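Using our numbering, you'd call the opening residue of the sequence shown number 1 and step up by one each time. Ideal placement from N, C-alpha and C gives every residue a C-beta, glycine not left out. In this text, all values refer to a predicted model and were calculated from it rather than measured experimentally.
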Amino acid sequence: METFFTPSNIMFGFGLLAIMFSVFNYFRNPQINSEKIDAVIAQRLSDIEAKITAFGSAFQGHIQSDINSFGSLNNHIVEVDKSVVKLTTIIEERIPKKRK
Numbered sequence: 001m002e003t004f005f006t007p008s009n010i011m012f013g014f015g016l017l018a019i020m021f022s023v024f025n026y027f028r029n030p031q032i033n034s035e036k037i038d039a040v041i042a043q044r045l046s047d048i049e050a051k052i053t054a055f056g057s058a059f060q061g062h063i064q065s066d067i068n069s070f071g072s073l074n075n076h077i078v079e080v081d082k083s084v085v086k087l088t089t090i091i092e093e094r095i096p097k098k099r100k
C-alpha cells in the first residue's frame, strides 16, 4: 500500500482528473453558450412580437378613426349637395333665363 501513493501516482491521478474535467468542459461549455443565445433570441422575438401587436392595435385604431372621419365627411358632402340644389332652384326661379 505504501507503493501505491507515490508522488508520481498522485500526479497521474490528478492529471486524469484534469483531463476528464477538460473534456467535460469542452462538451458542456458550447451547450451552455447555445442555451444562453437561445434565451436571448427568444427574448428578442417576444419583444418584437409585443411591438408588432402594439403597432397593429394602434394601426387598427387609426383606421377606425379614418373610417369615422370619412363617414362624417360624406354626410357633410350630401348636405352641401342638397344646399346647392336648393340654391340653384331659388336662383332659377328669381332670375329667369333669357330667351332669344
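Can you tell me which of the three DSSP states PRO30 falls into?
By one-based count along the sequence shown, residue 30 stands at place 30. The answer is helix: DSSP assigns PRO30 an H, G or I state.
In angstroms, rounded to a whole number, what distance separates the CA positions of LEU16 and TYR26?
Here residue 16 corresponds to residue number 16 of the sequence shown, with the count starting at 1. Here residue 26 corresponds to residue number 26 of the sequence shown, with the count starting at 1. Spanning the two alpha carbons is a distance of roughly 15 Å.
DSSP three-state call for ALA95: helix, strand or coil?
The residue you call residue 95 lines up with position 95 of the sequence shown. Position check: residue 95 holds Ile in this sequence, whereas Ala was assumed. Reduced to three states, the DSSP call for ILE95 is coil.
Which runs of the beta strand (DSSP E) spanning at least 3 residues fall entirely within the stretch 5-59, listed in chain order?
none
Would DSSP call THR3 helix, strand or coil?
Taking the first residue of the sequence shown as 1, we reach residue 3 at position 3. Of the three classes helix, strand and coil, the one that applies to THR3 here is coil, per DSSP.
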